[in-house]
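**Student:**
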Amino acid sequence: QKEVEQNSGPLSVPEGAIASLNCTYSDRVSQSFFWYRQYSGKSPELIMSIYSNGDKEDGRFTAQLNKASQYVSLLIRDSQPSDSATYLCAVNEAAGGKLIFGQGTELSVKP
Amino acid sequence: SQTIHQWPATLVQPVGSPLSLECTVEGTSNPNLYWYRQAAGRGLQLLFYSVGIGQISSEVPQNLSASRPQDRQFILSSKKLLLSDSGFYLCAWSVSEVTGYTFGSGTRLTVV
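Residue numbers (our numbering), protein chains in the order written: chain B, 207 to 317; chain V, 20 to 131.
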């Protein structure tokens with residue numbers, strides 16, 4: 207059974223700080239990695255995708271991928287209260303092509 | 020542009036009653052379609068997925084079934100709901116695993 211692990215949190219950071227969200231996965235041959243943001247009571251929204259080792263930046267968000275360590279992270283710079291949400295890590299299951307989701311990390315940004 | 024519609028937004032149903040949730044996608048052809056359930060405070064559980072009309076794969080044996088009568092229509096059903104069927108039901112689509120999934124707005128089902 208392929209697994210995606212995340213710290214459930216809650217992770218609390220002050221406004222303006224960097225929030226660091228981490229994810230590990232078990233399928234060594236996975237090739238596609240995603241971060242979703244889910245506000246309370248809403249559906250998940252895709253915010254970042256990454257496919258190669260290294261960093262990928264999009265505005266205040268940076269996704270980091272290390273395939274050797276089977277580790278994906280999401281950094282949120284200059285965190286805002288509007289970033290408070292649950293962040294879901296998703297990894298492509300190489301064999302079947304489906305996405306495997308982690309349990310999510312709850313982020314709370316305090317003003 | 021592609022859009023995904025899911026309805027109803029909320030539903031309260033008695034135990035033992037039937038269920039039918041519908042999802043439609045616009046602006047794309049032959050999408051992969053998925054049904055997920057999210058229990059309160061829990062992660063996403065994949066229930067069913069479909070790669071084409073009439074092609075349904077079940078991930079978890081349970082009280083639910085799915086059908087895909089048309090290319091862009093995906094239906095989740097139950098003949099008799101259980102209390103444990105309560106949750107947030109999400110439909111999603113993709114054209115490939117490389118692009119990730121796009122979710123509908125979800126249906127919050129409460130079985131009483």
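Here a beta-carbon is modelled for each residue, glycine too, at the ideal position from N, C-alpha and C.
These numbers were taken from a predicted model, which means no experiment stands behind them.
The beta strand (DSSP E) that contains P88(V), what's its start and end?
**Tutor:** Taken as a continuous stretch (DSSP letters only), the beta strand (DSSP E) holding P88(V) covers 84–89.
**Student:** With DSSP as the reference, label D177(B) as helix, strand or coil.
**Tutor:** Missing from the structure shown is residue 177(B); chain B here goes from 207 to 317 and no further.
**Student:** Spatial neighbours of L52(V) within its chain, please: C-beta separation below 6 Å, excluding the five flanking residues on both sides.
**Tutor:** So the list reads S69, F93, W112, once near-sequence residues are dropped.
**Student:** Quick one: is T126(V) near chain B, going by C-beta distance under 8 Å?
**Tutor:** Cβ-Cβ to chain B under 8 Å: no for T126(V).
**Student:** Pairing CB atoms from the region 233–250 of chain B with CB atoms from the region 296–305 of chain B, are three or more of them under 8 Å?
**Tutor:** These segments touch.
**Student:** How far does the beta strand (DSSP E) with N259(B) in it extend, from its first residue to its last?
**Tutor:** Where N259(B) is concerned, there is no enclosing beta strand (DSSP E), given that its DSSP letter is neither H nor E.
**Student:** Excluding the five sequence neighbours on either side, which residues of its own chain have a C-beta within less than 7 Å of the C-beta of D233(B), listed in chain order?
**Tutor:** Result list for D233(B): K208, V297, E299, A300, in chain order.
**Student:** Find out if the Cβ-Cβ distance for the pair W54(V), A28(V) is shorter than 8 Å.
**Tutor:** Their beta carbons are not under 8 Å apart, which means W54(V) does not touch A28(V) by this criterion.
**Student:** Compute the beta-carbon to beta-carbon distance between G125(V) and L252(B), rounded to the nearest angstrom, for a pair I have assumed lies under 8 Å.
**Tutor:** About 15 Å separates the two Cβ atoms, so there is no contact after all.
**Student:** If we require 3 or more residues per run, which beta strand (DSSP E) segments fall completely within the region 23–47 of chain V?
**Tutor:** As far as the region 23–47 of chain V is concerned, its whole beta strand (DSSP E) runs of at least 3 residues are 29–32, 38–45.
**Student:** Below 8 Å, can you find three or more Cβ-Cβ pairs linking the region 305–317 of chain B to the region 57–72 of chain V?
**Tutor:** The answer is yes - the region 57–72 of chain V touches the region 305–317 of chain B, with three or more Cβ pairs under 8 Å.
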